[in-house]
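Numbering (our numbering), first residue to last: -8 to 509. Glycine is no exception: its CB is placed at the ideal position from the N, C-alpha and C atoms. Please read these numbers as outputs of a predicted model, since none were measured by experiment.
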C-alpha cells in the first residue's frame, strides 16, 4: 500500500499563515482607529522585500491565556533583520494583538537575540513599541526578561544607534528600554508612556489626570524630555526614523553616510543675508534657525527635541556632504540663557555625537545661566556641569561660532577653546566678557553713576567697557578666538576647519569611565 505523505511546501505555507494570523475583526478595529498592525509597520518602515524574520515560530505555552494556539506563535513580538535605504538594520515590533504586547520570557529572548545580532554585526537596532508591560502570569520570569533587555540596551549604548518608536500604550517596565535608547519617537494623540497609569495615580495621590496629560506624546516631547521627536501619525514616524538614520553611522567604528556631491556643493541661497541678521541692539532677539538655514547644505536642518528646552537648539545637518551635529543658543527663547533643561538636553546630544564620531558645531549667543530660586533649588549647578562635562569629554572635531553674546561661565561651557574647541570663530557682533557691559558698569562704577544725573557718563562707560573688554578682537589677541570673520564667510570657514580636523585623534588616560554629575 502506498504511504500518503503531506506536502512540505503546503505545510510551510500553513505554518507561515499561522505565525502571522490575526483575526480580521481585530485588524478592522485597529485600522478604524488609524493604528497599523505590527507587520504592517515593519513593511512600511523598511525597504520593500528586505525583511528577514527571525524566530517566527517561537511559541509560549498559551493554555494559561485561554487562547487558540495559533495566535501564540511569535509570542507577541516580531523580530528580524531588514534594510533602510539599502543599509542593514535589526528591529523588533511588539504585537499588541497578543496579550496586549505584554512581555514574557520567550518574547524577551527574541528581543535579546536581535540586540545581540545587531551589536555583533554593527547595525542600528529599532524597536517598534506597543506593550502593556510585564506579563503578570509569568511572574518573575517576565521581570527577568526585562532586565535582560535593559542590560543589552546599556551594552549597545555608544556602540550601535538605538531608536525607539512608541505606538499605543507603553507602560510599566516597557518604558525603561526606550528611556535607555538614543532616540525616542512618539505619535501625536496615539502613543503614551507612563510607569503607572491615570487610575493608579488617582488612587495613590488623588490627582485627576488624563492619559494624554500624564504620558501623551506632546507631554513627553515638551515637558519631560523623555521623547525627542513627535510624529503626526504612524506614516510620519516611519519618515522620521528613516531621516534620522540617514545622518547616523551604523556603529561607532563606521562613518555617517555622505550626502551627494551635488547637494554638498549647493550653497544655501542669499548667504549675504547673514551679514544683516544679528541686530545692532544687543538685547534685540533674532531667530537662530535663520542662521542655520543659511549655512548648511541646502539649508536643511533636522532638529532633535524641538519642543523641549527651546532656548537651546540641537539637531543634525550636513556641511560639505558630511553629517554634523549642531548645538545653538536660541535668542528668541529665554534670550538664549542656559537653564536646567537646556543643559541636560544639549549634554545628552553632545555625548551621543561624541560616541558616534559626529563633529559638533556650536553657535553661541548666550547671556549666561537663567537666574532664579527655581533654577538654583533645582540644581542648575549640577545640571549645568553636565554640559560642561560633555564638551570636555568629547574628542570629536569641535567647531564654535560666537554670533553675539558669550558671557560668564556660559562662554566656557559652549564649546570654548579651553574645553577642547578645535576652531573657534567670532562674528564682528560678538561680545565676550565676564558679564554684559551694562551689568559690569553698574557694578564697577556705582558711585560715579549715582552722581551722573544726565546718564551720559553711564553710556560712555558702557561703550568704553565694550571696546576695552567685550569685543571679539580682545579674545582673538589672547588666542581664545582663532579668527573674527564676516557672517557670510561662516560656511567656507567651517568647511575648511572640518576638513582640517577630519582625522582628529585624541588619546585619553586609561580608565573605566568618568563620573559625570548625574
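Give me the residue from 160, 175, 170 and 179 with the minimum Cα distance to residue 189. Position 198 of the chain shown, counted from the start, is the residue given in the question as residue 189. Answer by Cα proximity: 160.
Please return the same chain residues whose Cβ sits closer than 6 Å to the Cβ of residue 356, not counting the five positions on each side in sequence. Position 365 of the chain shown, counted from the first residue, corresponds to residue 356. Same-chain partners within the cutoff: 320, 322, 327, 394, 395 and 396.
Is it true that the region 110 to 119 meets the region 232 to 248, where meeting means three or more beta-carbon pairs spaced less than 8 Å apart? Remark: three or more beta-carbon pairs, one from each stretch, lie closer than 8 Å, so the region 110 to 119 and the region 232 to 248 are flagged as touching.
Is the beta carbon of residue 119 closer than 8 Å to that of residue 208? Working through the chain shown from its first residue, we reach residue 208 at position 217. Working through the chain shown from its first residue, we reach residue 119 at position 128. No, the Cβ-Cβ distance between residue 208 and residue 119 is not below 8 Å.
Quick check: the region 433 to 445 against the region 460 to 477, are at least 3 beta-carbon pairs closer than 8 Å? These segments do not touch.
Return the first residue and the last residue of the beta strand (DSSP E) that residue 313 is part of. The residue labelled residue 313 in the question sits at position 322 within the chain shown. Taken as a continuous stretch (DSSP letters only), the beta strand (DSSP E) holding residue 313 covers 313 to 320.
Below 8 Å on the Cβ atoms is my contact criterion, and I expect residue 213 with residue 299 to pass it. Report the Cβ-Cβ distance as a whole number of Å. If you number the chain shown from 1, residue 213 lands on position 222. If you number the chain shown from 1, residue 299 lands on position 308. Right, their Cβ atoms sit about 6 Å apart.
Residues in the same chain with beta-carbon distance under 6 Å from residue 59, minus the five sequence neighbours each way, listed in chain order, please. Counting from 1 along the chain shown, the entry for residue 59 is found at position 68. Residue placement at residue 59 is flagged as unreliable, the pLDDT there being 49, under the threshold of 50; a coordinate-derived value is accordingly withheld.
When you compare each of 236, 461, 42 and 35 to residue 273 by their alpha carbons, which one comes out closest? Counting from one through the chain shown, the residue named residue 273 turns up at place 282. Minimum Cα distance to residue 273 is reached at 461.
Sequence-distant residues of its chain with Cβ nearer than 6 Å to residue 105 (five each side left out): Numbered from its first residue, the chain shown carries residue 105 at position 114. Leaving aside the five residues that flank residue 105 on each side, the residues in its chain whose CB is nearer than 6 Å to its CB run, in chain order, 70, 81 and 83.
Would you report the Cα separation of residue 174 and residue 339, rounded to the nearest angstrom? For the purposes of this step, residue 174 is taken as the residue at position 183 of the chain shown. For the purposes of this step, residue 339 is taken as the residue at position 348 of the chain shown. Across the structure, residue 174 and residue 339 are spaced so that their CA atoms are roughly 11 Å apart.
Alpha carbon to alpha carbon, what distance is there between residue 45 and residue 177? Indexing the chain shown from 1 puts residue 177 at position 186. Indexing the chain shown from 1 puts residue 45 at position 54. For residue 177 and residue 45, the distance between alpha carbons rounds to 26 Å.
Since I believe residue 478 is in contact with residue 418 (beta carbons under 8 Å), could you give me their beta-carbon distance rounded to a whole number of angstroms? In the chain shown, residue 418 corresponds to position 427, counting from 1. In the chain shown, residue 478 corresponds to position 487, counting from 1. At roughly 5 Å, the Cβ-Cβ gap stays under 8 Å, so residue 418 and residue 478 are in contact.
Roughly how many angstroms lie between the CA atoms of residue 182 and residue 170, to the nearest whole one? In the chain shown, residue 182 corresponds to position 191, counting from 1. In the chain shown, residue 170 corresponds to position 179, counting from 1. So the alpha carbons of these two residues sit roughly 15 Å apart.
Pop quiz: residue 137 and residue 162 are said to be a contact at Cβ under 8 Å. What is the actual Cβ separation, rounded to whole angstroms? Here residue 137 refers to the residue found at position 146 when the chain shown is read from its first residue. Here residue 162 refers to the residue found at position 171 when the chain shown is read from its first residue. Taking a contact as a CB-CB distance under 8 Å, the pair residue 137 and residue 162 does not count as one, their CB atoms being some 12 Å apart.
Report yes if the CB atom of residue 310 is closer than 8 Å to the CB atom of residue 291, and no otherwise. Taking the chain shown and counting its residues from 1, one reaches residue 310 at position 319. Taking the chain shown and counting its residues from 1, one reaches residue 291 at position 300. Judged by their CB atoms, residue 310 and residue 291 are not nearer to each other than the 8 Å cut-off.
Between the Cα of residue 473 and those of 130, 389, 400 and 398, spot the shortest distance and give me the residue it belongs to. Taking the first residue of the chain shown as 1, we reach residue 473 at position 482. Per the Cα distances, 389.
Where residue 157 and residue 179 are concerned, what is the direct C-alpha to C-alpha distance, given to the nearest angstrom? Mapped onto the chain shown, residue 157 falls at position 166. Mapped onto the chain shown, residue 179 falls at position 188. If you draw a straight line from the Cα of residue 157 to the Cα of residue 179, it comes to about 10 Å.
Close Cβ partners of residue 333 (< 7 Å) along its chain, the five nearest in sequence each way excluded: The sequence position of residue 333 within the chain shown is 342, counting from 1. Hits under 7 Å: 300, 302 and 303.
Residue 155, buried or exposed, once every other Cβ within 10 Å from all chains shown has been counted against 16: Residue 155 sits at position 164 when you count from the first residue of the chain shown. By the C-beta density criterion, residue 155 is buried, having at least 16 other C-beta atoms within 10 angstroms.
Buried or exposed (CB count within 10 angstroms, at least 16 for buried), residue 548: This structure does not reach residue 548, given that the chain is present from -8 up to 509, and the question cannot be answered.
Exposed or buried, residue 508, counting other C-beta atoms within 10 Å across all chains shown (16 or more means buried)? Position 517 of the chain shown, counted from the start, is the residue given in the question as residue 508. Under this definition residue 508 is an exposed residue.
From which residue to which residue does the alpha helix (DSSP H) around residue 161 run? Position 170 of the chain shown, counted from the start, is the residue given in the question as residue 161. Here residue 161 belongs to no alpha helix (DSSP H); instead the beta strand (DSSP E) covers 153 to 162.
Pull up the distance between the alpha-carbon of residue 516 and that of residue 364, whole angstroms please. Missing from the structure shown is residue 516; the chain here goes from -8 to 509 and no further.
Return the CA-CA distance between residue 506 and residue 384, expressed in angstroms with no decimal places. Counting from one through the chain shown, the residue named residue 506 turns up at place 515. Counting from one through the chain shown, the residue named residue 384 turns up at place 393. Per the coordinates, the alpha-carbon of residue 506 lies some 11 Å from the alpha-carbon of residue 384.
Just reading off the alpha helix (DSSP H) that residue 193 is part of, what are its end residues? Taking the chain shown and counting its residues from 1, the one referred to as residue 193 is at position 202. 189 to 196 is the span of the alpha helix (DSSP H), which, as asked, contains residue 193.
Complete alpha helix (DSSP H) runs within the region 25 to 89 (minimum length 4 residues, chain order): Within the region 25 to 89, the complete alpha helix (DSSP H) runs of at least 4 residues are 29 to 36.
Secondary structure of residue 243, DSSP reduced to three states: Here residue 243 refers to the residue found at position 252 of the chain shown. Note: residue 243 maps to coil in three-state DSSP.
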